[in-house]
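Chains as they are written, first to last, in the numbering used here: chain B, 1 to 382; chain A, 383 to 965.
Below: one structure, written as structure tokens.
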Amino acid sequence: MSAALRPDPARLDPRRLRALLAKELTQILRDPSTFLIALVLPLLLLFLFGYAVSLDTSRTRIALVLEDSGAAAQSLAQAYENSRYFDVALLRASAPAKELMVEDRSRGIVVIPQDFSRRLARGTAPVVQVITDGSQPNTAGFVAAYAKGVLGDWAAARRPALARALAGTVTARPRFWYNPGLESRNFLVPGAIAIVMTMIGTLLTALVVAREWERGTMEAMIATPMTMAEFVLSKVVPYFLLALAAMAMCTVLAVTLFGVPFRGSVLALALVSSAFLLPALGLGLFVSTVTRNQFVASQIALLASFLPTFLLSGFLYEISSMPAWIRAITFLVPARYLIPPLQTIFLVGDVWPMFWRDSAIMAGFGVGFFMLSLRATRRSLD
Amino acid sequence: MNGAPPPPLAEARGIAKRFRGAHAPALADVAIRIAPGAVTGLVGPDGAGKTTLIRILCGLLRADAGELCVLGGAPAAARAAIGYMPQRFGLYEDLTVAENLDLYAALRMLPRAEREDTYRRLLAFTDLAGFRTRRAGQLSGGMKQKLGLACALVSTPRLLLLDEPGVGVDPISRRELWAMVTALTAQGIGVLWSTAYLDEAEKCDRVCLLDRGRVLHDGPPAELTRRVAGRVVGLAGLGGQAMRGAMRRARDADGVVDATIAAGSLRLLLREGAVAQSPGALGLGTRAGFEPVAARFEDAYVERLGGGARGDSALAASYRTIPESDRPAIAAAGLTKRYGDFTAARDMAFTIARGEIFGLIGPNGAGKSTTFRMLCGLTAASAGSGTVAGHDLRRAAAQARASLGYMAQKFSLYGDLSVAQNLAFFAGAYGLDRRAARRAIGEMIEIFEFAPVLGQNAGLLPLGFKQRLALACAVMHQPPVLFLDEPTSGVDPLMRREFWSHINGLVEKGVAVLVTTHFMEEAEYCDRVSLIYRAEQIASGAPAELKATAAALSGRASAGMEEAFVLLIEDSDRRRAAEPAAA
Numbered sequence: 001m002s003a004a005l006r007p008d009p010a011r012l013d014p015r016r017l018r019a020l021l022a023k024e025l026t027q028i029l030r031d032p033s034t035f036l037i038a039l040v041l042p043l044l045l046l047f048l049f050g051y052a053v054s055l056d057t058s059r060t061r062i063a064l065v066l067e068d069s070g071a072a073a074q075s076l077a078q079a080y081e082n083s084r085y086f087d088v089a090l091l092r093a094s095a096p097a098k099e100l101m102v103e104d105r106s107r108g109i110v111v112i113p114q115d116f117s118r119r120l121a122r123g124t125a126p127v128v129q130v131i132t133d134g135s136q137p138n139t140a141g142f143v144a145a146y147a148k149g150v151l152g153d154w155a156a157a158r159r160p161a162l163a164r165a166l167a168g169t170v171t172a173r174p175r176f177w178y179n180p181g182l183e184s185r186n187f188l189v190p191g192a193i194a195i196v197m198t199m200i201g202t203l204l205t206a207l208v209v210a211r212e213w214e215r216g217t218m219e220a221m222i223a224t225p226m227t228m229a230e231f232v233l234s235k236v237v238p239y240f241l242l243a244l245a246a247m248a249m250c251t252v253l254a255v256t257l258f259g260v261p262f263r264g265s266v267l268a269l270a271l272v273s274s275a276f277l278l279p280a281l282g283l284g285l286f287v288s289t290v291t292r293n294q295f296v297a298s299q300i301a302l303l304a305s306f307l308p309t310f311l312l313s314g315f316l317y318e319i320s321s322m323p324a325w326i327r328a329i330t331f332l333v334p335a336r337y338l339i340p341p342l343q344t345i346f347l348v349g350d351v352w353p354m355f356w357r358d359s360a361i362m363a364g365f366g367v368g369f370f371m372l373s374l375r376a377t378r379r380s381l382d
Numbered sequence: 383m384n385g386a387p388p389p390p391l392a393e394a395r396g397i398a399k400r401f402r403g404a405h406a407p408a409l410a411d412v413a414i415r416i417a418p419g420a421v422t423g424l425v426g427p428d429g430a431g432k433t434t435l436i437r438i439l440c441g442l443l444r445a446d447a448g449e450l451c452v453l454g455g456a457p458a459a460a461r462a463a464i465g466y467m468p469q470r471f472g473l474y475e476d477l478t479v480a481e482n483l484d485l486y487a488a489l490r491m492l493p494r495a496e497r498e499d500t501y502r503r504l505l506a507f508t509d510l511a512g513f514r515t516r517r518a519g520q521l522s523g524g525m526k527q528k529l530g531l532a533c534a535l536v537s538t539p540r541l542l543l544l545d546e547p548g549v550g551v552d553p554i555s556r557r558e559l560w561a562m563v564t565a566l567t568a569q570g571i572g573v574l575w576s577t578a579y580l581d582e583a584e585k586c587d588r589v590c591l592l593d594r595g596r597v598l599h600d601g602p603p604a605e606l607t608r609r610v611a612g613r614v615v616g617l618a619g620l621g622g623q624a625m626r627g628a629m630r631r632a633r634d635a636d637g638v639v640d641a642t643i644a645a646g647s648l649r650l651l652l653r654e655g656a657v658a659q660s661p662g663a664l665g666l667g668t669r670a671g672f673e674p675v676a677a678r679f680e681d682a683y684v685e686r687l688g689g690g691a692r693g694d695s696a697l698a699a700s701y702r703t704i705p706e707s708d709r710p711a712i713a714a715a716g717l718t719k720r721y722g723d724f725t726a727a728r729d730m731a732f733t734i735a736r737g738e739i740f741g742l743i744g745p746n747g748a749g750k751s752t753t754f755r756m757l758c759g760l761t762a763a764s765a766g767s768g769t770v771a772g773h774d775l776r777r778a779a780a781q782a783r784a785s786l787g788y789m790a791q792k793f794s795l796y797g798d799l800s801v802a803q804n805l806a807f808f809a810g811a812y813g814l815d816r817r818a819a820r821r822a823i824g825e826m827i828e829i830f831e832f833a834p835v836l837g838q839n840a841g842l843l844p845l846g847f848k849q850r851l852a853l854a855c856a857v858m859h860q861p862p863v864l865f866l867d868e869p870t871s872g873v874d875p876l877m878r879r880e881f882w883s884h885i886n887g888l889v890e891k892g893v894a895v896l897v898t899t900h901f902m903e904e905a906e907y908c909d910r911v912s913l914i915y916r917a918e919q920i921a922s923g924a925p926a927e928l929k930a931t932a933a934a935l936s937g938r939a940s941a942g943m944e945e946a947f948v949l950l951i952e953d954s955d956r957r958r959a960a961e962p963a964a965a
């Protein structure tokens with residue numbers, strides 16, 4: 001019966017498809033809100049992530065407790081005070097340092113203990129204590145890493161003199177590969193591109209199909225000989241291209257304006273972003289086919305794509321530091337497979353095996369969503 | 383030629399359809415035949431299943447049971463030869479007239495070579511040739527409808543399905559549309575025309591009357607009308623309030639099936655065997671005699687559906703009596719609204735007394751709603767002044783608004799709130815205290831029979847219930863002045879009678895009513911009307927006066943309000959055309 005009702009839903013007629021595409025493009029060009037979402041919003045996001053949001057620690061305030069008055073300890077304290085990462089409050093005892101931290105006036109405490117110079121002179125490795133504010137893990141991590149970095153640099157500078165004293169002691173010297181300045185902008189901007197594509201892919205598609213239902217045009221369309229495949233393609237192709245264009249715009253701006261490196265190839269970028277657009281568009285299509293209501297569709301699109309992309313894709317929060325069960329959920333977020341390749345393309349270069357694998361997974365999600373929405377549209381008006 | 387009727391284009395038997403979650407079937411055992419070269423009417427009250435049947439016929443819905451043969455097969459297979467115009471026309475408002483046609487031409491596989499000819503023909507036919515590059519969103523309601531029809535006709539269908547094409551459109555546009563569609567039947571196209579307007583149904587070759595998913599009548603409309611022939615009588619010589627009072631009493635009288643006001647006289651449909659009764663016997667308390675009147679399809683329709691509304695309005699019974707006052711309830715003096723250099727309403731002037739019904743009539747976009755909105759304080763007037771219950775709209779807008787009840791043209795309640803929540807919200811919005819609110823809500827539930835739908839979301843109610851709820855929300859605070867903007871648009875005749883019963887009842891309690899309407903027979907219920915055309919009042923007065931003016935213009939006695947409407951507008955056009963020549 002279903003076959004008789006809608007004969008061969010997969011058939012494509014080039015002329016009908018072209019007419020539908022032309023209609024969709026005209027609507028995009030004439031509807032200012034589409035433009036707003038597709039071009040202005042990406043710019044806004046890019047500038048937001050490029051300029052306003054920064055995870056870098058510029059001059060974090062710490063307390064330095066100098067319990068030792070030896071020359072070496074003095075010189076290390078000097079090194080901390082000179083560091084461009086820290087704003088140091090120099091103290092003699094640890095009690096007031098604790099108070100500073102409790103009052104939120106310092107983000108960490110570095111203690112140079114009484115026996116620092118003595119141990120150094122004796123040749124035993126000296127101990128420097130770093131205490132951080134665990135209530136702000138991100139900052140805490142930075143404080144710990146940079147405090148260690150300052151110590152390392154100081155030790156290296158004194159190496160000739162220390163060489164004898166520390167015979168055989170190896171000092172760890174951290175090196176930050178791919179993003180030597182540790183600038184968060186360099187990984188935030190590629191992430192912002194993922195957000196932009198989610199926005200255009202899912203949010204816009206969710207709105208446009210629901211709009212056809214709301215305005216009653218869907219009913220008239222179904223009553224023509226148009227097939228469902230033609231309709232779905234006419235909704236997917238323009239927004240696919242629009243999303244790619246927005247992505248290209250963001251990439252160019254990221255490289256020229258924000259100086260984010262671009263070490264991979266354009267081809268790789270095109271591959272992974274195209275692969276990501278499949279689930280993004282598919283989800284949008286599915287949401288709007290099921291809800292048939294622009295308001296509900298936009299809410300669901302936000303919950304189902306935008307927020308997970310923001311929170312669970314590893315864009316802002318590292319997946320490896322999430323609890324196991326949340327980590328398990330992240331595997332269901334398509335953007336999880338986009339962010340690493342994107343960051344790799346920008347900061348590292350082409351790593352094809354990774355790109356192929358992640359693209360295949362994303363395409364798989366996409367096919368799933370398209371199948372779901374095709375199934376949902378077939379029962380159309382019932 | 384051989385006398386046998388041609389085979390039908392579409393034939394359905396035993397069609398049944400039940401929507402998931404619905405307690406009653408939308409259609410049960412429905413049969414219909416659509417003949418070529420004829421207009422088949424589909425009529426019935428709200429929620430009768432008209433739209434569902436049309437959607438099944440064009441393959442948008444699947445019937446649960448029954449046999450269906452459209453153009454020799456399943457509807458989906460015949461889709462290319464079916465023209466369908468849904469209730470909302472299916473136009474893309476961002477696209478121009480030509481672009482909408484292009485889209486439908488391509489979707490309906492009109493050969494490219496024939497396109498230009500077809501467009502020229504359709505645009506001339508629909509009078510839209512001058513608007514090719516205008517966006518559909520900027521067309522008037524009537525023009526949108528014609529474009530919708532053009533899109534449905536783009537590949538010359540054999541079967542044309544029109545779902546309530548007359549809703550929300552003024553009489554002139556409706557006449558034009560009807561003329562266009564009947565012209566199509568001359569080419570052998572079969573048309574199914576669903577409508578809430580029974581004057582249209584009367585003109586159909588065949589009518590299918592649906593009620594609650596069942597067919598009550600299937601055949602020529604005259605067949606049904608014959609059943610009430612000789613039982614319709616008119617009583618002339620009453621006017622205004624006396625007429626409305628007589629109608630109210632007649633509606634509750636035993637031998638009367640239906641009572642309305644038409645062509646300036648009281649019109650009664652009598653029960654079989656009640657023919658001989660005198661006005662006095664019906665409690666009308668008048669010595670004038672009944673005259674027999676030709677029965678109309680509407681009479682038969684109302685009888686078939688179980689009779690018209692009761693005369694006594696429970697709403698009016700629970701309403702307070704509005705105290706007498708020497709100030710007019712509503713007054714407009716030189717009200718003008720300009721948007722840039724476009725004047726939407728010019729120099730509107732009228733006063734409405736306590737207990738009076740004043741109607742604003744006119745084509746779409748003439749300025750009725752603008753005048754309306756200025757008077758209820760929704761838009762500020764560019765010039766002129768207005769008062770509501772003695773409060774000046776500019777100086778005491780808040781008091782003016784507090785003393786009026788407003789029913790908007792579009793459904794303006796909260797669709798996602800339940801009936802009960804909407805009532806509670808509006809009670810609060812009008813500042814009723816807790817006890818008064820509880821009492822008012824209880825009354826509304828009882829009067830409008832909301833009990834079974836209290837928990838349902840207002841947006842999902844059938845149209846008739848939505849309108850009832852909108853009226854309930856507008857009168858809960860018992861205002862002395864009521865503004866009703868197209869309260870009965872798209873509502874079936876029975877519901878319209880119920881509505882006017884309430885309005886008449888309220889007026890007898892002293893409420894002043896300002897109403898806009900597309901239904902010219904409803905203009906007859908008004909004490910006075912003003913015909914608004916091109917932002918101006920081109921004629922004002924009692925309905926009888928307007929009809930007399932129109933009759934003088936045409937040189938023959940015009941019977942109906944609708945004809946007067948058309949004549950007065952044509953006259954205004956003629957004078958407008960003559961103006962530059964005179965200057």
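Beta carbons: idealized from backbone N, C-alpha and C, even for Gly.
These numbers were taken from a predicted model, which means no experiment stands behind them.
The CB of glutamate 481/A comes closer than 9 Å to the CB of Ala22, Lys23, Thr26 in chain B, given here in chain order. The three-state reading of DSSP puts valine 150/B in helix, counting H, G and I together. In this structure, Trp575/A is the residue among Trp575/A, Arg596/A, Arg594/A, Gly595/A with its C-alpha nearest to the C-alpha of arginine 588/A. Take glutamate 475/A, set aside five residues on each side of it, and the residues of its chain with a beta-carbon closer than 6 Å to its own are Ala518, Gly519, in chain order.
For alanine 394/A, not one C-beta of chain B is nearer than 8 Å to its own C-beta.
Counting only Cβ-Cβ distances below 8 Å, glycine 448/A has no contacts in chain B at all, with the closest Cβ about 13 Å away. Here the alpha carbon of phenylalanine 947/A sits roughly 20 Å from the alpha carbon of threonine 642/A. In the pairwise beta carbon analysis, the stretch 898-906 of chain A is classified as touching the stretch 730-747 of chain A: at least three pairs are separated by under 8 Å. The C-alpha of proline 861/A is placed about 10 Å away from the C-alpha of alanine 782/A.
Under the DSSP assignment, lysine 719/A falls in the beta strand (DSSP E) whose first and last residues are 712-721. Arginine 215/B carries a coil assignment under DSSP once its states are collapsed to helix, strand and coil. Under the three-state reduction of DSSP output, lysine 399/A falls in the strand class. Between the beta-carbon of cysteine 855/A and that of leucine 757/A there is about 19 Å, and that puts the pair past the 8 Å contact cut. Residue-level contact by beta carbon holds for glycine 472/A and chain B, with a gap shorter than 8 Å.
When rounded, the separation of the alpha-carbon atoms in alanine 894/A and glutamine 294/B is 40 Å. The CB of arginine 400/A never comes closer than 9 Å to any CB in chain B; the least such distance is about 11 Å. When Cβ-Cβ separations below 8 Å define contact, methionine 491/A makes contact with chain B. With the criterion set as a beta carbon lying under 8 Å from some beta carbon of chain B, the stretch 568-601 of chain A has no members that meet it.
Interface flag for threonine 217/B against chain A is set, since a Cβ pair is found closer than 8 Å. In this structure alanine 223/B does not touch leucine 485/A by the C-beta definition: roughly 13 Å separates them, more than the 8 Å allowed.
In summary, phenylalanine 240/B is buried, with 16 or more beta-carbon neighbours lying within 10 Å of its beta-carbon over all protein chains present.
Collapsing the DSSP output to three states places serine 288/B in a helix. The beta carbon of aspartate 953/A sits no closer than 8 Å to any beta carbon of chain B. A residue is called buried once 16 or more other Cβ atoms fall within 10 Å of its Cβ, and alanine 934/A, having fewer, is exposed. C-alpha of alanine 762/A to C-alpha of tyrosine 812/A: approximately 21 Å in a straight line. Proximity of alanine 19/B to chain A, defined by a Cβ-Cβ separation below 8 Å, is satisfied. In this structure, the beta-carbon distance from leucine 592/A to glycine 431/A falls below 8 Å.
Between valine 127/B and isoleucine 62/B, the beta carbon gap of about 17 Å keeps them out of contact (Cβ cut-off 8 Å). Residue-level contact by beta carbon holds for isoleucine 222/B and chain A, with a gap shorter than 8 Å. For isoleucine 464/A, the enclosing beta strand (DSSP E) stretches over residues 464-467. Assigned with DSSP and collapsed to three states, serine 555/A falls in helix.
For a Cβ distance threshold of 8 Å, nothing in chain A lies close to aspartate 350/B: the least Cβ distance comes to about 42 Å.
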